[in-house]
Amino acid sequence: MRWKIGDVRVTKIVELESVGRTKFVLPQATKEAILALPWLMPDFADAEGRLKMSIHSLVVETPARKILVDTGIGNDKEGRGIPTWNGLATPYLDRLAAAGYAPNTIDTVLCTHLHVDHVGWNTRLSRGAWVPTFERARYLFGRVEYDYWKGRRDDPYETAVFDDSVKPIVDAGLADFIRPDDRICEEVSVFSTPGHSPGHLSVRIRSRGEEAVLSGDVAHHPCQMAHLDWASTFDSDPAQSTETRRALFSDLAGKPTIVIGGHFVGGHVLREGEAFRFKPVVPR
Ligand SMILES: [Zn+2]
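The numbers in our numbering rise by one with no breaks, and the one at position 77 of the sequence shown is 504.
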């Protein structure tokens, strides 16, 4: 699935897709509550009110750069808090190559935040060691985000993710630390969207008068546009994440900006009473 923003192409590379079983992340999104939002069907929920979600990367191809935004769970990882994410063996890298982006063509990896499902393919297992998957890329981590996770050594699940998917990149000298409002290239910049995690960054793409926002996990699902206070169980600061959703979607409502989430496909934000809804954009 591919969207065009001026001279920039954004391509979704799927790692995993799911329908339903999302109570662990969005407990308030019951079937009844979802069925009350008919605009979610069929793109974002099925007829039974089960949420459609995916774990994916977004390749941002500008005339000069190939930027991989978020890197999924990764293969062969262990010690994950969600048991089914252990020992994965998906054809993610084959899908990436089939889309025209073999790993050695990626020049930049950008993680919106450093959660387990956004850093996994930073590394791959090679002869028992975690090595950078994208050897020719600079990896961009938010400075605030990196410092936060580096300092947390109490939770074995968090520690496992940092040690096998983040630390090897820094040790290999491939990491650069970025701050809100940094420009990555002519068309691409980042901005601060805290709440889901302390240093969460979203990505803004502008080209030839067109715009897109890659919103990472500001929302896990468009149902949170209708219910801004439905924080995910993984939001580190639910009050802040609610405020960030309100601010971002208020800013984007009614604009032609294409919004693509870390776990849902692209659309336009529309105002609906006190909150918002989402209209999918059919990729060109
Ligand atoms: Zn996520």
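Note that CB positions come from ideal geometry on N, CA and C, so glycine has one too. Here the structure is a predicted model, which is why all the values come from computation and not from measurement.
ask   = Do the region 590 to 598 and the region 607 to 614 make contact, defined as three or more Cβ pairs closer than 8 Å?
value = no
inquiry  = Within 10 Å of its beta-carbon, does residue 591 have 16 or more other beta-carbons around it, so buried, or fewer, so exposed?
reply    = buried
query = With distances taken from CA atoms, which of 508, 510, 517, 495 is nearest residue 502?
reply = 517
inquiry  = Less than 8 Å separating the Cβ of residue 627 from some heavy atom of ligand 1?
reply    = no
request  = Grab me the residues of residue 495's own chain with a C-beta within less than 6 Å of its C-beta, minus the 5 sequence neighbours each way, in chain order.
outcome  = 484, 486, 533, 536
inquiry  = Just to confirm, is the Cβ distance from residue 640 to residue 684 under 9 Å?
reply    = yes
query = Based on Cα-Cα distance, which residue from 626, 434, 467 lies nearest to residue 706?
reply = 467
task = Return the chain-ordered list of same chain residues with a C-beta closer than 8 Å to the C-beta of residue 653, the five sequence neighbours on each side being excluded.
result = 464, 699, 702, 703, 704
request  = Taking all protein chains shown into account, decide if residue 689 is buried (16 or more other Cβ within 10 angstroms of its Cβ) or exposed.
outcome  = buried
key: Exposed unless 16 or more other CB atoms sit within 10 angstroms - verdict on residue 691   = buried
inquiry  = With DSSP as the reference, identify every bridge partner of residue 542, one or two as the case may be.
reply    = Answer is none; residue 542 lacks a bridge partner.
ask   = Apart from the five residues just before and just after residue 662, which ones in its own chain have a Cβ nearer than 7 Å to its Cβ?
value = 622, 623, 668
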